[in-house]
Amino acid sequence: MGSREPRDAPPGERWDLAQANIARLRQPLGDPRVAEFVAALDAVYRLAEHSPGFVWRCATDEGHPGVDPTDPLTVVNVSTWRSYQALHEFTYRSRHGHFVRRRREWFDSLPGPTTVLWWAPANAQPTIPEALARLSVLRRYGPQPPAFGIRQRFHPDGRPERPWSGRPR
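131 is the number of the first residue of the sequence shown in the working numbering; add one for each residue after it.
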């Protein structure tokens, strides 16, 4: 595998893009109304793990996403990627995009951002509490280098990316 050094990283430092997203299920995981979603999880995880730019994902012992300790219906997905472009390609352009477009069938709408991004040292494995804390920072203070969203991103050195053009970079 090649270097993970983003073109804008300070010399010698390597970074992965960490992402976390939350979603609140309409019904508990064992409910038949979310069975199609649950049945697709393993295939979607395999797809992610074999996608270009994938580095790591947080999973429970059963291999599923974690849950918010304050609300067992809120699932938390945490993963790391080599770049935003790799994350974007998996999320929206792969088979995973089919499930993203159908999310309202299984999940309630939540206020505020539900996805947070940040640059983490290469091979870091962010925890669910860390991810929820970063999402809280994004919701409270808006996009900034320690916690930003999809549309207003930052380079690993903290410089903002140029305004969103509708295409990943």
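Ideal Cβ placement from N, Cα and C applies to all residues, glycine included.
Assumed close pair residue i, residue j - CB separation to whole angstroms, cut-off 8 Å
i	j	result
Asp146	Thr210	4 Å
Gly279	Pro241	Not a contact, Cβ separation roughly 14 Å.
Gln149	Leu217	6 Å
Local Cβ density within 10 Å of residue i, reported as buried at 16 or more and exposed below that
i	result
Arg289	exposed
Gly196	buried
Thr190	exposed
Ala250	buried
His226	buried
Ala165	exposed
Pro273	buried
Pro259	exposed
Pro256	buried
6 Å Cβ shell around residue i - same chain, five flanking residues per side excluded
i	result
Arg134	Unreliable placement is indicated for Arg134, whose pLDDT of 39 sits below 50; no coordinate value is reported for it.
Any non-hydrogen atom of the ligand ATP closer than 7 Å to residue i Cβ
i	result
Glu235	With respect to the ligand ATP, the structure offers nothing, as it holds no ligand at all.
Beta-carbon proximity list for residue i, same chain, < 8 Å, skipping 5 on both sides
i	result
Phe229	Phe167, Ala170, Val174
Ala178	Phe184, Arg187, Ser209, Phe220, His226
Where the beta strand (DSSP E) through residue i begins and ends
i	result
Phe229	Not the beta strand (DSSP E): Phe229 falls in the alpha helix (DSSP H), residues 226 to 231.
Residues near residue i by beta carbon distance below 7 Å, same chain, minus five either side
i	result
Trp236	Leu155, Arg156, Val164, Phe167
Boundaries (first-last residue) of the alpha helix (DSSP H) holding residue i
i	result
Ser209	From DSSP, Ser209 is part of no alpha helix (DSSP H) but of the beta strand (DSSP E) over 201 to 211.
Leu265	258 to 271
_At least three beta-carbon pairs within less than 8 Å, the segment 254 to 266 to the segment 153 to 166_ = no
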